[in-house]
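Colleague: I have a structure I would like to understand better, so I am pasting it below and will then ask my questions one at a time.
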Amino acid sequence: MKNFSDVFTALRKKNRSQYLLLAGCCFFSVLLITAYVCMMRSPTVLKVLPEGGDSRKQVMMIFVLAVVGCGVFTTYASGLFFRYKSRETGIFLALGASRRKLRRQLIRELAVISFISCAAGAVLGAPLAWLLWRFFRLAVVDTQEMVLGFDSQAYLYSLAFSVFVIIMLFFMMVRFIRRTNIMDVVYETRKSEPIKEIPRWYGPVGIVLLFAGILLGYLTPTFCVMVLQWFAPEWLTAPAYLPAFIGLYMILLHTVVNGWRQGRNRYKHIISTSMMKFQGRQTVRNMLVITVLVAGAYFASFYTPMSGTGAMTGYAARPVDYAFRYRSDQTMLTEQEIRQMANEEGVAITSYITGFVAVLGIDGEEMVEREDAIGTTYTMEYRELRSESLIMSESTYNTLTGDSIQVSSGFVMAVYSDEGDVDYLASNDVTLITNPVTREVLHVVPCTQVLRYSMLLGCRVLDDDDYTNITRGLTQEWLEEQVFFNVENVGETYDFAKRLFHTIVDRSGSEVELTKHWDAILKLQYDAAGEPYFMDKEHLEEYGFQPVSYEQRDSSSFRLYWKYMPQFRILDQADHVKNFAVFLMLFIFIAIICFAAVIVIAYTRSLTIGLTNAQVYDDLRHLGASNSYLLATVRKQISRVYFVPITAGTAIIYALYMIIMFFNDGGSFTRSELAGLGNCLLVIAGMSVLLYGIYRITLRKVCGMLGIKAK
Amino acid sequence: MLNVEKIKKSYQIGKNTYEVLKGVSLVVEKGEFVGVMGPSGSGKTTLLNCISCYIPADSGSIRLGGKELAALDEEELASVRNRELGFVFQDFMLLDGLTVRDNIMLPRIISGKTNKDMEETADRLCDVFGISPIKNKYPAEISGGEKQRTAVARALINNPLLILADEPTGNLDSKSSRAVIDTFLQAKNSLEATTFMVTHDSFAASFCDRVILLRDGTVWREMVRKEKKRGAFQDELLNAVRDMGEVNGE
Chain R
5 MKNFSDVFTA LRKKNRSQYL LLAGCCFFSV LLITAYVCMM RSPTVLKVLP
55 EGGDSRKQVM MIFVLAVVGC GVFTTYASGL FFRYKSRETG IFLALGASRR
105 KLRRQLIREL AVISFISCAA GAVLGAPLAW LLWRFFRLAV VDTQEMVLGF
155 DSQAYLYSLA FSVFVIIMLF FMMVRFIRRT NIMDVVYETR KSEPIKEIPR
205 WYGPVGIVLL FAGILLGYLT PTFCVMVLQW FAPEWLTAPA YLPAFIGLYM
255 ILLHTVVNGW RQGRNRYKHI ISTSMMKFQG RQTVRNMLVI TVLVAGAYFA
305 SFYTPMSGTG AMTGYAARPV DYAFRYRSDQ TMLTEQEIRQ MANEEGVAIT
355 SYITGFVAVL GIDGEEMVER EDAIGTTYTM EYRELRSESL IMSESTYNTL
405 TGDSIQVSSG FVMAVYSDEG DVDYLASNDV TLITNPVTRE VLHVVPCTQV
455 LRYSMLLGCR VLDDDDYTNI TRGLTQEWLE EQVFFNVENV GETYDFAKRL
505 FHTIVDRSGS EVELTKHWDA ILKLQYDAAG EPYFMDKEHL EEYGFQPVSY
555 EQRDSSSFRL YWKYMPQFRI LDQADHVKNF AVFLMLFIFI AIICFAAVIV
605 IAYTRSLTIG LTNAQVYDDL RHLGASNSYL LATVRKQISR VYFVPITAGT
655 AIIYALYMII MFFNDGGSFT RSELAGLGNC LLVIAGMSVL LYGIYRITLR
705 KVCGMLGIKA K
Chain A
46 MLNVEKIKKS YQIGKNTYEV LKGVSLVVEK GEFVGVMGPS GSGKTTLLNC
96 ISCYIPADSG SIRLGGKELA ALDEEELASV RNRELGFVFQ DFMLLDGLTV
146 RDNIMLPRII SGKTNKDMEE TADRLCDVFG ISPIKNKYPA EISGGEKQRT
196 AVARALINNP LLILADEPTG NLDSKSSRAV IDTFLQAKNS LEATTFMVTH
246 DSFAASFCDR VILLRDGTVW REMVRKEKKR GAFQDELLNA VRDMGEVNGE
């Protein structure tokens, strides 16, 4: 041993595991953030998530969560590292090493650790994202559209996070080395982190605040929009969730400091509770981060079962196997051609119905937005000609649905969905129907009773005579033909469905290459005013929307947004995963990252508990504590670190999902929502098994550190 | 050698201030083996920490070899700790990743005086204290007594003015304690080392030339061994400790 560097080298060799833990945490956090950001900024994903849309906001929100989580656990890991380092640093100081000398050595070590681990994380982040995506593509769906593109800007985020990690490490080092009291440094590992006495009412009040906060946070934006007619900015409505966070913190504090058991049981758990109490602040902080990350992970995980179950239930419940509509000015396939094609594909058509519907103007209230000092507000203003609506006669409705309704003259009936889950897409307030060609108007009264038939959702039904009168003089582009037919063994007709869909697209002219939000009445009004209509395909991109293209007929955006997209049960069922693949993969990816962060934080926190309590366990052993008693106290603490935040995070997000499902269609659960929630429970069960496995591994590791035999 | 005058030290815990040292004065001469005894809370360890420059005193003066410690800056204090003081702690404070020999050489390595002489001195100290057979072992592989002897050897490698020992026998059995005390005596006799030892142990203190009894942050009594037999001096110390307890009403 020749010099100070040699001493550091020898000590580094001895404490290799501490260095590896710190480097591993830095590497892991940068890797996760880089992989996430590569995914989030990927053109493949951005194309699917509309700008300003909820999905993009959710992805961003979870990204912020992941950054906070990774930031916390990296900071925490560095704290742990310096705690290990404190003894030797204290000895060096006690023996007369100057702080300058120690700082120089530590800077050298940290520079190597942080630069190498951050660089490795940043470099491997993109390949990790690509590999995971590739795996999903192989396992779930693989189309040309799913090729993952990369945006070099992603590396700016990665670089920013790496810089944060490096600065944080050096800041912690400077703070560590600046401590003036050598004895504190020498005895650092014996120091505990006491927290103040917590009143017992923290627990129950915390639970009330938590659920009140979730409800308040969810309902505040709705209240602002519906009652105050104000699109309040998120930074103003988001604080409504604050009581939930305060409640959560109170619950965790109460759990760690007091525990939920009183009476005789209090003594049974007195050792584990008191040990946790004196590691309080950090433990509670870590548990809070774990809770939030678990909530984020499940929020992302639930996307797949909720959307999948809802969609699959919807497809299964359709009364017809094949439905499509086309404008009458199109040279579309005739019934004979479709039957011919079916024959060629070996498909037997069992029923075939058609009916004409008209595209007419309807009146109604329009939302007029205004930019005010407090943000965007709106007023509802009545317009005699507000938008287009598909209008049909009662005979056509009866033919198409097999129903036998009667609509009185002068009345209109609105068609809603079967389950009521998407009723917000329909309305029942039409009093004036306008023929856009002749400008004839029909005054009607909406029937209080609505019709329920999801395949014709949003249509309106008139008395036959009223229909005949109001549609008189309509030209072909204002008429559409609706085709419904059923087949034998629909599950085996995918090839036919695909061929028919492609032929329908081939037969459709460029004048109907439109998105579903394109409105013929609004177009008419814009044309009359000599202004460009923003939903026209040539203007869509200016407003940040993707136009649909026949060239991309198999893309998810075409399937989701083409105005005349057929509803073929087998095609929709088989291609559902593909159509939602980007969403699916992104949310699964987010869930993986959040769960990985949860596991790392819980694992390192548990190791710290083992490390800081080693002396107490020795003392307990000297006092005659048996192995099973010691094991029980360790298990109690580790299980609290794992199960309390995981349970809280799971319960919170499940409750939030239930609230969303309950309120999004007027205060009830539909069958598909209940089925979706059931599937979410299955996801929770699966993840719980995995997390339990990790908990067992952690328990065994901590027991090993403390010399306790784990059963 | 060491001149402590009227030093005061208090701690703030919450809203309460605890005055631990209330104007302690003492002198340690070159080559002396001085012990400090007193009940828990009497200020022994705080006194030692102030002399070690680990914590600053609130007032008073500590002069080591004519140098006023309060006037030194951080770099100079580090140099004093490294060259003029040697430390022996209750729980040894050896670095687990270094061998016994490397641990002994550590103060020299820190000061940058790494030459052939360093290794020779370390080996000589190993011989003097009977730890040569274990000099290439790691702390985890040796006994408590051996660890403490290693610590004493480490304290001596820079030939310091003063060795400060904080409960050096506190973690040892009687056989190891005796071996460590012998090490201090050897240091005094063969190397003319000056030692200032804080201890609870009247047996260990009975080997000292002089014992200072602290009570409630003040020097209560000083007892000099002179030519007395060790056993007799220990009895005297025990009586003094008993008297101190009675004064405290215990």
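Respectively, the protein sequence lines represent chains R and A. Read in order, the letters of the first sequence correspond to residues 5 to 715 in the numbering used here. Read in order, the letters of the second sequence correspond to residues 46 to 295 in the numbering used here. Quick reminder that beta carbons are idealized off the backbone N, C-alpha and C, glycines included.
1. Is it true that the CB of L217 of chain A sits closer than 7 angstroms to the CB of A198 of chain A?
2. Let me check understanding here. Comparing Cα to Cα, which of A:V173, A:V72, A:I149 and A:L143 lies closest to A185 of chain A?
3. If we define contact as Cβ-Cβ less than 7 angstroms, is Y56 of chain A a contact residue for chain R?
4. Could you tell me the distance, in whole angstroms, from the CA atom of G495 of chain R to the CA atom of Y319 of chain R?
5. Can you give the Cα-Cα distance for A629 of chain R and A636 of chain R, rounded to whole angstroms?
6. Which runs of the beta strand (DSSP E) fall wholly inside the region 15 to 96 of chain R and span at least 3 residues, in chain order?
7. Secondary structure at E545 of chain R, three-state DSSP: helix, strand or coil?
8. What residue range is occupied by the uninterrupted alpha helix (DSSP H) comprising A717 of chain R?
9. List the residues of chain R that N61 of chain A touches, going by C-beta distances under 8 angstroms, in chain order.
10. I'd like the span of the alpha helix (DSSP H) that includes G105 of chain A, first residue to last.
11. Residues in the same chain with beta-carbon distance under 6 angstroms from C684 of chain R, minus the five sequence neighbours each way, listed in chain order, please.
12. Check whether the region 671 to 682 of chain R touches the region 315 to 329 of chain R, counting contact only when three or more Cβ pairs, one atom from each stretch, lie closer than 8 angstroms.
13. Rounded to whole angstroms, what's the CA-CA distance from L466 of chain R to I395 of chain R? Just pull it up for me.
14. For a contact meaning CB atoms closer than 9 angstroms, what does A14 of chain R contact in chain A?
15. Please confirm if F2 of chain R has its CB atom under 7 angstroms from at least one CB of chain A.
16. Can you give me the Cβ contacts of M371 of chain R inside the same chain, cut-off strictly under 7 angstroms, excluding the 5 residues immediately before and after it?
17. Considering only DSSP beta bridges, list what I395 of chain R is partnered with.
18. My output table needs one value for G697 of chain R: the three-state DSSP class, helix, strand or coil.
19. In the structure shown, what three-state DSSP assignment does L283 of chain A receive?
20. Using beta carbons (cut-off 7 angstroms, strictly below), is F229 of chain A in contact with chain R?
21. Who are the near neighbours of S9 of chain R in its chain, counting only those whose CB is closer than 6 angstroms to its CB and skipping five residues on each side?
22. Helix or strand or just coil, what does DSSP make of F303 of chain R?
23. What separation, rounded to the nearest whole angstrom, lies between the Cα atoms of E545 of chain R and L292 of chain R?
24. Quick one: is E201 of chain R near chain A, going by C-beta distance under 7 angstroms?
25. Starting from A123 of chain A, find everything on chain R with Cβ-Cβ shorter than 8 angstroms and list it in chain order.
26. Interface residues of chain A around E113 of chain R at Cβ under 9 angstroms?
27. According to the Cβ coordinates, are S121 of chain R and A39 of chain R closer than 7 angstroms?
28. Kindly indicate if chain R contains any beta-carbon less than 7 angstroms away from that of N120 of chain A.
29. Name the residues in the region 7 to 36 of chain R whose C-beta lies less than 9 angstroms from a C-beta of chain A; which are they?
30. Would you list, in chain order, the members of the region 358 to 391 of chain R that have their beta-carbon closer than 8 angstroms to a beta-carbon of chain B?
31. Who does N48 of chain A pair with in a DSSP beta bridge?
32. What are the uninterrupted segments assigned as alpha helix (DSSP H) that are 4 or more residues long and contained completely in the region 122 to 172 of chain A, given in chain order?
33. Report the residue ranges of all alpha helix (DSSP H) runs contained in full by the region 210 to 243 of chain A; include only those spanning at least 4 residues, in chain order.
34. How many Å lie between V69 of chain A and K53 of chain A at the Cα?
35. When DSSP labels each residue in this structure, what does T193 of chain R get in the three-state scheme?
36. Check whether chain R comes within 7 angstroms of L117 of chain A, counting only Cβ atoms and requiring the distance to be less than that.
Modeller: In terms of the structure at hand:
1. Counting from one through the second sequence, the residue named residue 198 of chain A turns up at place 153. Counting from one through the second sequence, the residue named residue 217 of chain A turns up at place 172. No, the pair does not count as a contact, with Cβ atoms beyond the cut-off.
2. Counted from its first residue, the second sequence places residue 185 of chain A at position 140. The shortest C-alpha separation from A185 of chain A is found at A:L143.
3. Translated into positions along the second sequence, residue 56 of chain A becomes position 11. Cβ-Cβ to chain R under 7 angstroms: no for Y56 of chain A.
4. Counting from 1 along the first sequence, the entry for residue 495 of chain R is found at position 491. Counting from 1 along the first sequence, the entry for residue 319 of chain R is found at position 315. For G495 of chain R and Y319 of chain R, the distance between alpha carbons rounds to 12 angstroms.
5. Mapped onto the first sequence, residue 629 of chain R falls at position 625. Mapped onto the first sequence, residue 636 of chain R falls at position 632. So the two alpha carbons sit approximately 11 angstroms from each other.
6. Scanning the region 15 to 96 of chain R from its first residue to its last, no whole beta strand (DSSP E) run of 3-plus residues comes out.
7. The residue labelled residue 545 of chain R in the question sits at position 541 within the first sequence. Look at E545 of chain R here: in three-state DSSP terms it is helix.
8. Any answer about residue 717 of chain R is impossible in this case: the structure gives chain R only from 5 up to 715.
9. As a working mapping, residue 61 of chain A is identified with position 16 in the second sequence. The contact set of N61 of chain A on chain R, defined by CB atoms closer than 8 angstroms, is empty, because the minimum CB distance reaches about 16 angstroms.
10. In the second sequence, residue 105 of chain A corresponds to position 60, counting from 1. G105 of chain A: not part of any alpha helix (DSSP H); member of the beta strand (DSSP E) spanning S104 to L109, first to last residue.
11. Position 680 of the first sequence holds residue 684 of chain R. Sequence-distant partners of C684 of chain R (beyond 5 residues in either direction) whose C-beta falls short of 6 angstroms from its own C-beta, in its chain, are F306 and P309.
12. With the cut-off at 8 angstroms, the region 671 to 682 of chain R and the region 315 to 329 of chain R touch.
13. Translated into the one-based positions of the first sequence, residue 466 of chain R becomes position 462. Translated into the one-based positions of the first sequence, residue 395 of chain R becomes position 391. So the two alpha carbons sit approximately 7 angstroms from each other.
14. Stepping through the first sequence from its first residue, residue 14 of chain R is reached at position 10. Chain A residues near A14 of chain R: L140, G142, L143, T144 and D147.
15. The structure shown does not extend to residue 2 of chain R, since chain R is modelled only from 5 through 715, so no value can be given for it.
16. Counted from its first residue, the first sequence places residue 371 of chain R at position 367. Once the five neighbours on either side are set aside, the close Cβ partners of M371 of chain R are Y382 and M384.
17. The count along the first sequence starts at 1 and reaches residue 395 of chain R at position 391. The beta-bridge partner set that DSSP reports for I395 of chain R consists of R:A362 and R:R464.
18. Translated into positions along the first sequence, residue 697 of chain R becomes position 693. In the three-state reduction of the DSSP assignment, G697 of chain R falls in the helix class, which pools H, G and I.
19. Within the second sequence, residue 283 of chain A is the residue found at index 238, counting from 1. Here DSSP, grouped into helix, strand and coil, assigns L283 of chain A to helix.
20. Stepping through the second sequence from its first residue, residue 229 of chain A is reached at position 184. At a cut-off of 7 angstroms, the C-beta of F229 of chain A has no neighbouring C-beta in chain R.
21. Position 5 of the first sequence, counting from 1, holds the residue named residue 9 of chain R. Nothing listed; no residue qualifies.
22. Taking the first residue of the first sequence as 1, we reach residue 303 of chain R at position 299. Under the three-state reduction of DSSP, F303 of chain R is assigned to helix.
23. Along the first sequence, one-based indexing puts residue 545 of chain R at 541. Along the first sequence, one-based indexing puts residue 292 of chain R at 288. Spanning the two alpha carbons is a distance of roughly 42 angstroms.
24. Numbered from its first residue, the first sequence carries residue 201 of chain R at position 197. Not one chain A Cβ lies under 7 angstroms of E201 of chain R.
25. The residue labelled residue 123 of chain A in the question sits at position 78 within the second sequence. Around A123 of chain A, the beta-carbon contacts reaching into chain R at under 8 angstroms are L97, G100, A101, S102 and R103.
26. Your numbering for residue 113 of chain R matches position 109 in the first sequence. Those do not exist, as E113 of chain R stays about 14 angstroms from chain A at its closest Cβ, beyond 9 angstroms.
27. Numbered from 1 along the first sequence, position 117 holds the residue referred to as residue 121 of chain R. Numbered from 1 along the first sequence, position 35 holds the residue referred to as residue 39 of chain R. It is not a contact, given that the beta carbons lie outside the stated cut-off.
28. The count along the second sequence starts at 1 and reaches residue 120 of chain A at position 75. Before going further, note that residue 120 of chain A is Glu rather than Asn in the sequence given. Contacts with chain R at 7 angstroms (Cβ-Cβ) include E120 of chain A.
29. Residues of the region 7 to 36 of chain R whose Cβ lies closer than 9 angstroms to any Cβ of chain A, in chain order: N7, F8, D10, V11, A14, L15, R16, K17, K18 and N19.
30. The displayed structure is made up of protein chains R and A, and chain B is not among them.
31. Here the question's residue 48 of chain A lines up with position 3 in the second sequence. A:V72 and A:R108, per the DSSP bridge assignment.
32. Segments of the alpha helix (DSSP H) lying fully in the region 122 to 172 of chain A: 145 to 156.
33. You should have 219 to 236.
34. Counted from its first residue, the second sequence places residue 69 of chain A at position 24. Counted from its first residue, the second sequence places residue 53 of chain A at position 8. Pairing V69 of chain A with K53 of chain A, the inter-Cα distance amounts to about 7 angstroms.
35. Taking the first sequence and counting its residues from 1, one reaches residue 193 of chain R at position 189. At T193 of chain R, the pLDDT of 48 sits below 50, so the modelled position is not reliable and the matter cannot be decided from this model.
36. Translated into positions along the second sequence, residue 117 of chain A becomes position 72. Among the residues facing chain R, L117 of chain A is not included, as its CB has no counterpart in that chain under 7 angstroms away.
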